[in-house]
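Novice:
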Amino acid sequence: MRPIPTHQSEAGEHPGMARRSSDSPAPEPTDWVTRAADDAIRHAGGDPRDPAVAEQLRAAGTVVTCASGISPSGPIHLGNLREFLTTHFVAEELKRRGVPARHLQSWDDFDRLRKIPEGVDPSWTTHIGKPLSAVPDPWECHTSWAEHFKAPLRAALAEMGCTMEEVDQTDRYRAGAYTEQVLHAIERRDVIESVLARHRTKQAVPEDASAEEAAALEDSVAEDDEPTQTGDLARFPYKPFCRTCGRDTVTLTSYDDETTDLAYTCDVCGDSHVTNVRTQPEGKLVWKVDWPMRWSVEGVNFEPGGVDHASPGSSYTVGKEIVKLYGGRAPSFVGYSFVGVAGMAKMSSSKGGVPTAADALRVLEAPVLRWLYARRQPKQAFTVDLGPEVVRLYDEWDALGKKAANPAKRDAHVLAFERASTTSSAGTLPTPPVVVPFRTLSSIADVTAGSADQISRLVGDLGHAHDSVADLEPRLGRAITWTHEFVPEEDRTTVRTTPDRELLASLGELERTWLHLFLEHLPSAWADGSPDLDRVTTVVYGVPKLARGLALEDQPTDEVKADQKAFFRLLYRLLVDAERGPRLPTLVLALGLDTVYALIQAA
RNA sequence: GGGCCACUAGCUCAAUGGGCAGAGCAUCGGACUUUUAAUCCGCUGGUUCAGGGUUCGAGUCCCUGGUGGCCUACCA
């Protein structure tokens, strides 16, 4: 990884200020990030319209907290990435305004392992019910299940310039950081239960239950691995992990409010224990209490969540009320929709999973991936297409980059570009010093089989001056990867490694003449040592003219045009074993004289 | 039962707190020695799902309905 420049221009930090001197003061563009940041400031007690709000908050010692959280229970895919980037963008916007802000990331690795993804040894089902941080890594490369999935995301986020304060919930719980809050929840468990009950809208066995409902019910019963329990302990807001086996598969048997002794029997290993909630941090609050508890402890001002959390009766709605028990207030919230994936057929089948940020970064430059998440409203679902759409995506991105270079054209689109391109901690994220269209790089990579020298030469020949291949990174490597892994075989160009002797032997008189003339005149394009694309073009189109007794530069007759078509097809078959291919002059240039000779000369 | 999202050109989608409905692809036409897949330019193409309302002005806001999709209730 290359070091990232950390310069920050004053103008870049306060783009709004720079516009003041303009004679027609265009309003500062706004987008969902601006509004979410406004909300966060309001939540923290400031007035986002007040120019002095940053100084006021700073003077008051307020740090606006933007929180994200996720259970590292499996590969953290592109949908989950929205949790991080949504939070990140809002925190960045606050910092951009000079407001003290932090991005706090909670790893919910004290959550129980719920199910085993495909591809993992079925024997791992024995770990179901344990905290993610206590399950061994089936791939044996990390210290735990949780770490195995956290590590690659950390790396990807770092590459995307997304820095954050990380908190492991396992550590926090084990350190007793929440003990007071746990005890409080247990004391007020009747209130909690009444809140939860109020939001339980489940109808009391509808007499006209549709088949659909019945099926859904069956499903939920089938998935329910919880023991049934009755009475006060049935809805206990706290659940210990079994001291013997580490699973949360426990049935509570008694709780003493005086001593805070909690007794339980493990349904799996059968052992019974007593844990003291005050002195032995061996468990965690149930999710719907855990979340609001942390809002209050951490002073969260903004936190996004999947739309599933925002539905009535869901965790955010319920948490809004529960947090009051802690004297807190629910953070400002945006619900984000799901991110679809397309163009991954090959990879997802081979890797057996949904693509992650790291997967996407193999094809998309970091700012481009960020852009996908910045430019859409969170509640709008979108699709990351790593297939054919990638080319268009890069085209749009490059066009936007040109627009962004003109301050007069600053609008919401440009704002999204800026959010995608730079961060407060990483500065401007790496982009290629010499921007070559992605489609061009992909095509070149295809026919050159990834040879750096050839790529560099061709890019130069096509008019993109550059000092070395390094000037084409980080895009070139991604174009190579994309071409090899995401372009369908039938759309690719595979250069023959050996001459097609059978075909060469079966050629007719005219075809042999073409090939001889071709090989005779082609070297003239390399007369100066470096290839001349125009000259190659002349030769390629001129060969059929020569065969008809015309000169290279003559206008083609209808007869010649028909010959050209046949000649081209012949060359494609000999060079790339296909009926069609990239434009021949560039293809010939890409292959180089030696390769062309090797594949044709046997005629 | 409740909630959210979508519906715009043939296709995929834009339209940044109401202000002239736009791109890409496809089609078609043209230029570049070119009936080729790395270059350009241009033309076509619209009752913005339907109906009502607010407004000087609605794809955008409100109401009703339709179609499609997602989520939710028990648990984390």
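To convert, take the position in the first sequence, counting from 1, and add 1305; that gives the working numbering. Beta carbons are placed, not taken as given, at the ideal position from N, Cα and C, and that holds for glycine.
(1) Considering only the alpha carbon of each residue, which of Thr1580, Leu1538, Ser1376, Thr1788 lies closest to leucine 1669?
(2) Would DSSP call proline 1742 helix, strand or coil?
(3) Going by CA-CA distance only, name the one from Ile1491, Phe1394, Pro1377, Arg1419 that's closest to arginine 1459.
(4) Using a Cβ distance threshold of 8 Å, determine whether the region 1435-1451 contacts the region 1356-1371, with at least three qualifying pairs required.
(5) To the nearest angstrom, how far is the alpha carbon of alanine 1514 from that of lysine 1593?
(6) Which parts of the region 1825-1880 are runs of the beta strand (DSSP E), unbroken and 3 residues or longer, counting only runs that do not cross its ends?
(7) Go ahead and label aspartate 1473 buried or exposed: buried means 16 or more other beta carbons lie within 10 angstroms of its beta carbon, across all protein chains shown.
(8) With a threshold of 6 Å on Cβ separation, who are the neighbours of arginine 1724 within its own chain once the five nearest residues in sequence on each side are excluded?
(9) What residue from Lys1589, Gly1466, Met1469 has the CA that sits closest to alanine 1480's CA?
(10) Could you pull out every residue in the same chain whose Cβ sits closer than 8 Å to the Cβ of valine 1573, ignoring the five residues on either side in sequence?
(11) Taking lysine 1455 as part of the alpha helix (DSSP H), name the residues at either end of that continuous run.
(12) Considering only DSSP beta bridges, list what phenylalanine 1638 is partnered with.
(13) Looking at the secondary structure, which residues open and close the beta strand (DSSP E) in which glutamine 1474 lies?
(14) Thinking just about the alpha-carbon of each residue, which of Arg1503, Leu1383, Glu1608 is nearest to the one in valine 1623?
(15) Three-state secondary structure (DSSP) at glycine 1624?
(16) Which of helix, strand or coil does DSSP assign to histidine 1789?
(17) Just the Cα atoms here: how many angstroms apart are leucine 1501 and glycine 1618?
(18) Which class does glutamine 1759 belong to by DSSP, given the choice of helix, strand or coil?
(19) With a 10 Å radius around its C-beta and 16 neighbouring C-beta atoms as the bar for buried, classify glutamine 1906 as buried or exposed.
(20) Per DSSP, valine 1555 forms a beta bridge with which residues?
(21) Less than 7 Å between C-beta atoms, sequence neighbours within five positions excluded: which residues of the same chain meet that for phenylalanine 1873?
(22) Please state whether DSSP places aspartate 1566 in a helix, a strand or coil.
(23) Is tyrosine 1483 helix, strand or coil by DSSP?
(24) Suppose you measure from the CA of arginine 1401 to the CA of leucine 1362; what does that come to, to the nearest Å?
Specialist: Taking the definition as stated:
(1) Thr1788
(2) coil
(3) Pro1377
(4) no
(5) Because the pLDDT at alanine 1514 is just 34, under 50, the model does not fix this residue reliably, and the point stays unresolved.
(6) none
(7) buried
(8) Phe1394, Ala1679
(9) Lys1589
(10) Gly1434, Cys1547, Cys1550, Arg1552, Thr1554
(11) 1450-1464
(12) Glu1608
(13) Per DSSP, glutamine 1474 belongs to no beta strand (DSSP E); it is in the alpha helix (DSSP H), 1474-1479.
(14) Arg1503
(15) helix
(16) helix
(17) 8 Å
(18) helix
(19) exposed
(20) Cys1571
(21) Leu1889
(22) strand
(23) coil
(24) 14 Å
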